[in-house]
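Numbering (the UniProt record's numbering), first residue to last: 1 to 109.
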């Protein structure tokens with residue numbers, strides 16, 4: 001996910017333009033020994049093109065919706081600060097309070 005939503009939307013739109021410009025019927029020689037006729041292949045190609053178009057439409061709509069929503073607010077990491085002395089340790093480990101260290105109860109906290 002190194003691309004921004006706008007970059008992804010641009011890529012999808014460009015791919016859609018290329019696909020639409022290349023939507024000419026594909027012709028290739030078909031051997032008589034092939035199990036599929038050229039009309040069956042054309043139907044399969046048309047079905048694939050329709051699926052590609054549907055996926056492109058859905059992805060474009062999703063990206064536009066994602067782009068219209070604001071990004072979530074940044075979350076700060078939780079830092080333990082002693083309420084007694086303001087140090088970078090939990091209150092039950094504060095040496096300044098003298099009586100707040102209870103090693104025998106530490107497992108229950």
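The C-beta atom is built at its ideal place from N, Cα and C for all residues, glycine as well.
Whole-angstrom distance between residue j and residue i, CA atom to CA atom
{"i": "residue 41", "j": "residue 48", "result": "11 Å"}
{"i": "residue 43", "j": "residue 70", "result": "43 Å"}
{"i": "residue 37", "j": "residue 54", "result": "26 Å"}
{"i": "residue 58", "j": "residue 50", "result": "12 Å"}
{"i": "residue 72", "j": "residue 46", "result": "41 Å"}
{"i": "residue 62", "j": "residue 7", "result": "14 Å"}
Close-in-space but distant-in-sequence residues of the same chain around residue i (CB under 7 Å, 5 per side omitted)
{"i": "residue 96", "result": "84 and 85"}
{"i": "residue 39", "result": "none"}
Cβ-Cβ distance between residue i and residue j below 8 Å
{"i": "residue 5", "j": "residue 67", "result": "yes"}
{"i": "residue 12", "j": "residue 60", "result": "yes"}
{"i": "residue 64", "j": "residue 9", "result": "yes"}
Neighbourhood of residue i by C-beta, 6 Å cutoff - its chain only, sequence neighbours within 5 removed
{"i": "residue 82", "result": "89, 91 and 94"}
Close Cβ partners of residue i (< 8 Å) along its chain, the five nearest in sequence each way excluded
{"i": "residue 56", "result": "12, 15, 16 and 19"}
{"i": "residue 79", "result": "88"}
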